[in-house]
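K.L.:
In the numbering used here, the protein residues as written are 1258 to 1680.
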């Protein structure tokens, strides 16, 4: 379920760190040292077969938001068996978990996310089984590199429930899960056909529940005694449809009317709609949401119905850190630079990116025509060997980039300064 609350922007002070001499900073394109990259890639190659098993198990047991019980146990147990300290049912969320590992004294802290939830009816049609194992692979590879090269630092992997509408990361953010992290990473699959990886943004999104309350009456005998809530819903839908002519091309409004089992000869006294409003930035989203809400208010007035609007927790646009993005792209041989909004989709990781330096690259997996995210065909693609291969390539790039945050002071300061400039 959605949590009907609006959060204010949370800003954590970035953890202190020694400021290195930036008079001659290296380029963000400078590659990670060869021996470290070898350690990371070797570890992920070693884990490859077990990560594949995890992915297929999660894919075969799709669980909806806040119900990821199987994935919670599977991933928590796996991380614990690899030397991480695991906190199950983290911060009051039954299916959230935290896996943490620290090497040495001091050092910075890197956060990573593993998503786990599926979609109703069509299962893992957004490929969260791949996101889950990528987070695991990144965390374990960085642990190996910290130990092998004796670098102090902490890696925190969060199992984040309910990305598909429940805002699990936003709830964890409000409760302090990201506090103390210097940066946070994750990735997401997207449709092919070619294998590739790219760093782009996403749309801010506001979900709205609009409920209309009318008055029942006999539809044949005395319809004038009723106030038709279903009429209000259809007027609201029509008003939004007209509004679409006047909104910008990169704005989106989509909605559904919830089903009803009421008899056709009774004036409906209740109707409920769920809408998603999307825009490129948080500020644009606020303005568009006000215009959409006015459509609901006008429909209620025209039909003499009472209106209840519930604005659920908003997803912010994704603010990719430019330095982290350049590093990941340079490491990943499949990377390409594109500036379009990625798939016009939205993610609760956008809220995290407003609080600390973040990276959320997309990687393409081979898909059939018209088989993009949130389709049954994409669910089929998300379990293929080719999709796993693409996921592992991106996982290696993220792990190398994440290790640079922990090991390279100059690189981290560039990351931090890019974040501060973007805000």
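Virtual Cβ for every residue (Gly too), placed ideally from N, Cα, C.
Source: prediction; values computed, not measured.
Quick check on the DSSP output: what are the complete beta strand (DSSP E) runs of length 3 or more inside the region 1387-1439, in order along the chain?
P.N.:
1410-1417
K.L.:
What distance in whole Å lies between the Cβ atoms of residue 1548 and residue 1439, which are believed to be in contact at a cut-off of 8 angstroms?
P.N.:
Looking up residue 1439 in the chain shown gives position 182. Looking up residue 1548 in the chain shown gives position 291. Going by Cβ atoms, the distance from residue 1439 to residue 1548 rounds to 39 angstroms, so no, they are not a contact pair.
K.L.:
So, is residue 1626 buried or exposed, given that buried needs 16 or more other C-beta atoms within 10 angstroms?
P.N.:
Residue numbering aside, residue 1626 sits at position 369 when the chain shown is read from its first letter. With fewer than 16 Cβ atoms within 10 Å of its Cβ, residue 1626 is classed as exposed.
K.L.:
Kindly list the residues whose CB is nearer than 7 angstroms to the CB of residue 1539, restricted to its own chain and excluding five residues on each side of it in sequence; keep chain order.
P.N.:
If you number the chain shown from 1, residue 1539 lands on position 282. Once the five neighbours on either side are set aside, the close Cβ partners of residue 1539 are 1461, 1573, 1574.
K.L.:
Alpha carbon to alpha carbon, how far is residue 1622 from residue 1391? Give it in angstroms, no decimals.
P.N.:
As a position in the chain shown, residue 1391 is number 134, starting the count at 1. As a position in the chain shown, residue 1622 is number 365, starting the count at 1. So the alpha carbons of these two residues sit roughly 14 angstroms apart.
K.L.:
Is the distance from the Cβ of residue 1352 to the Cβ of residue 1325 below 8 angstroms?
P.N.:
Residue 1352 sits at position 95 when you count from the first residue of the chain shown. Residue 1325 sits at position 68 when you count from the first residue of the chain shown. Taking 8 angstroms as the Cβ cut-off, residue 1352 and residue 1325 qualify as a contacting pair.
K.L.:
Candidates 1408, 1602, 1437: which alpha carbon is nearest residue 1448's?
P.N.:
By 1-based counting over the chain shown, the position of residue 1448 is 191. Among 1408, 1602, 1437, the Cα nearest to that of residue 1448 belongs to 1602.
K.L.:
I'd like to know whether the C-beta atoms of residue 1523 and residue 1473 end up nearer to each other than 8 angstroms.
P.N.:
For the purposes of this step, residue 1523 is identified with residue 266 of the chain shown, where counting begins at 1. For the purposes of this step, residue 1473 is identified with residue 216 of the chain shown, where counting begins at 1. Yes. Within cutoff.
K.L.:
Count the CB pairs spanning the region 1373-1389 and the region 1526-1537 that are closer than 8 angstroms, and state whether there are at least three.
P.N.:
no
K.L.:
Report, in whole angstroms, the separation of the C-beta atoms of residue 1490 and residue 1469, which I expect to be a contact under 8 angstroms.
P.N.:
Locating residue 1490 in the chain shown gives position 233, counting from the first residue. Locating residue 1469 in the chain shown gives position 212, counting from the first residue. Between residue 1469 and residue 1490 the Cβ distance is about 6 angstroms, and since that is below 8 angstroms, they are a contact.
K.L.:
Under the three-state reduction of DSSP, which class applies to residue 1629: helix, strand or coil?
P.N.:
In the chain shown, the residue the question calls residue 1629 occupies position 372. Correct three-state label for residue 1629: coil.
K.L.:
Does the Cβ-Cβ distance between residue 1553 and residue 1493 come in under 8 angstroms?
P.N.:
Here residue 1553 refers to the residue found at position 296 when the chain shown is read from its first residue. Here residue 1493 refers to the residue found at position 236 when the chain shown is read from its first residue. Result yes, Cβ atoms of residue 1553 and residue 1493 sit closer than 8 angstroms.
K.L.:
Go ahead and pull the three-state DSSP assignment for residue 1341.
P.N.:
Mapped onto the chain shown, residue 1341 falls at position 84. If DSSP states are grouped into helix, strand and coil, residue 1341 belongs with coil.
K.L.:
Could you tell me the boundaries of the alpha helix (DSSP H) in which residue 1659 lies?
P.N.:
Taking the first residue of the chain shown as position 1, residue 1659 is located at position 402. 1642-1664 is the span of the alpha helix (DSSP H), which, as asked, contains residue 1659.
K.L.:
Any contact of the region 1299-1307 with the region 1354-1369, i.e. 3+ C-beta pairs under 8 angstroms?
P.N.:
Counting Cβ pairs under 8 angstroms, fewer than three are found: no touch.
K.L.:
Residue 1597: buried (16+ other C-beta within 10 angstroms of its C-beta) or exposed?
P.N.:
Within the chain shown, the letter at position 340 stands for residue 1597. Any reading at residue 1597 needs caution, since the residue's pLDDT is 41, under 50, leaving its predicted position unreliable; the model's value is listed next. Of the other Cβ atoms in all chains shown, fewer than 16 fall within 10 Å of the Cβ of residue 1597; this residue is therefore exposed.
K.L.:
Please check the pair residue 1613 and residue 1441, which I expect to be a contact at CB under 8 angstroms, by giving their CB distance rounded to whole angstroms.
P.N.:
If you number the chain shown from 1, residue 1613 lands on position 356. If you number the chain shown from 1, residue 1441 lands on position 184. Yes, they are in contact, since the Cβ atoms of residue 1613 and residue 1441 sit about 6 angstroms apart, within 8 angstroms.
K.L.:
In the DSSP output, which residue or residues are listed as bridge partners for residue 1572?
P.N.:
Residue mapping note: residue 1572 aligns to position 315 of the chain shown, counting from 1. BP columns for residue 1572 point to 1462.
K.L.:
Quick check: the Cα distance between residue 1515 and residue 1567, rounded to an integer number of angstroms?
P.N.:
Taking the first residue of the chain shown as position 1, residue 1515 is located at position 258. Taking the first residue of the chain shown as position 1, residue 1567 is located at position 310. Rounded to whole angstroms, residue 1515 to residue 1567 spans 15 angstroms at the Cα level.
K.L.:
Throw me the rounded Cβ distance for the residue 1395 and residue 1618 pair, which I believe falls under 8 angstroms.
P.N.:
Working through the chain shown from its first residue, we reach residue 1395 at position 138. Working through the chain shown from its first residue, we reach residue 1618 at position 361. Cβ-Cβ separation between residue 1395 and residue 1618: approximately 12 angstroms, too far for a contact (criterion under 8 angstroms).
K.L.:
CB-CB under 7 angstroms to residue 1327, same chain, minus the five flanking residues each way: which ones, in chain order?
P.N.:
Within the chain shown, numbered from 1, the residue matching residue 1327 stands at position 70. 1318, 1320.
K.L.:
Helix, strand or coil for residue 1477? Go by DSSP, reduced to three states.
P.N.:
On the chain shown, position 220 is the one that residue 1477 refers to. It is coil, neither helix nor strand.
K.L.:
Inspect the beta-carbon positions of residue 1609 and residue 1426 and report whether they are closer than 8 angstroms.
P.N.:
Stepping through the chain shown from its first residue, residue 1609 is reached at position 352. Stepping through the chain shown from its first residue, residue 1426 is reached at position 169. Their beta carbons are under 8 angstroms apart, which means residue 1609 touches residue 1426 by this criterion.
K.L.:
Would you call residue 1544 buried or exposed, if buried means 16 or more other Cβ atoms sit within 10 Å of its Cβ?
P.N.:
As a working note, residue 1544 is residue 287 in the chain shown. The residue in question, residue 1544, is exposed, as its Cβ has fewer than 16 Cβ neighbours within 10 Å.
K.L.:
Tell me the rounded alpha-carbon separation between residue 1290 and residue 1511.
P.N.:
Within the chain shown, numbered from 1, the residue matching residue 1290 stands at position 33. Within the chain shown, numbered from 1, the residue matching residue 1511 stands at position 254. Straight across, the Cα-Cα distance linking residue 1290 with residue 1511 is about 47 angstroms.
K.L.:
Could you compute how far the alpha carbon of residue 1294 sits from the alpha carbon of residue 1404?
P.N.:
By 1-based counting over the chain shown, the position of residue 1294 is 37. By 1-based counting over the chain shown, the position of residue 1404 is 147. Annotation: residue 1294 to residue 1404 spans about 14 angstroms, alpha carbon to alpha carbon.
K.L.:
Would you mind stating whether residue 1419 and residue 1336 have Cβ atoms separated by less than 8 angstroms?
P.N.:
In the chain shown, counting from the first residue as 1, residue 1419 sits at position 162. In the chain shown, counting from the first residue as 1, residue 1336 sits at position 79. No. Outside cutoff.
K.L.:
Who are the Cβ neighbours of residue 1487 in its own chain at under 7 angstroms, not counting the five residues just before and after it?
P.N.:
Position 230 of the chain shown, counting from 1, holds the residue named residue 1487. Excluding sequence neighbours, residue 1487 sits near 1525, 1528.
K.L.:
Run through DSSP, which three-state label would residue 1672 get?
P.N.:
Residue mapping note: residue 1672 aligns to position 415 of the chain shown, counting from 1. Correct three-state label for residue 1672: helix.
K.L.:
By Cβ distance below 6 angstroms, which residues in the same chain neighbour residue 1347 in space, the five residues on each side in sequence not counted?
P.N.:
Taking the chain shown and counting its residues from 1, one reaches residue 1347 at position 90. Cβ neighbours of residue 1347 beyond the five flanking positions: 1353, 1354, 1355.
K.L.:
I need the straight-line Cα distance from residue 1604 to residue 1443, nearest angstrom please.
P.N.:
To locate residue 1604, count along the chain shown from 1; it is residue 347. To locate residue 1443, count along the chain shown from 1; it is residue 186. Roughly 12 angstroms between the two C-alpha positions.
K.L.:
Using only the alpha-carbon positions, how far apart do residue 1615 and residue 1649 sit?
P.N.:
Along the chain shown, one-based indexing puts residue 1615 at 358. Along the chain shown, one-based indexing puts residue 1649 at 392. Going by the C-alpha atoms only, they are around 20 angstroms apart.
K.L.:
If you run the structure through DSSP and keep just helix, strand and coil, what is residue 1360?
P.N.:
Looking up residue 1360 in the chain shown gives position 103. Assignment of residue 1360 by DSSP, reduced to helix, strand and coil, places it in the strand class.
K.L.:
Within the continuous beta strand (DSSP E) that includes residue 1372, where are the two ends?
P.N.:
Taking the chain shown and counting its residues from 1, one reaches residue 1372 at position 115. Note, residue 1372: beta strand (DSSP E), 1366-1372.
K.L.:
Look at the Cβ atom of residue 1531, then the Cβ atom of residue 1459, and state whether they are nearer than 8 angstroms.
P.N.:
Indexing the chain shown from 1 puts residue 1531 at position 274. Indexing the chain shown from 1 puts residue 1459 at position 202. No, they are not a contact pair.
K.L.:
Buried or exposed: residue 1501, going by 16 or more other Cβ atoms within 10 Å of its Cβ?
P.N.:
Within the chain shown, residue 1501 is the residue found at index 244, counting from 1. Exposed, because fewer than 16 other Cβ atoms sit within 10 Å of the Cβ of residue 1501.
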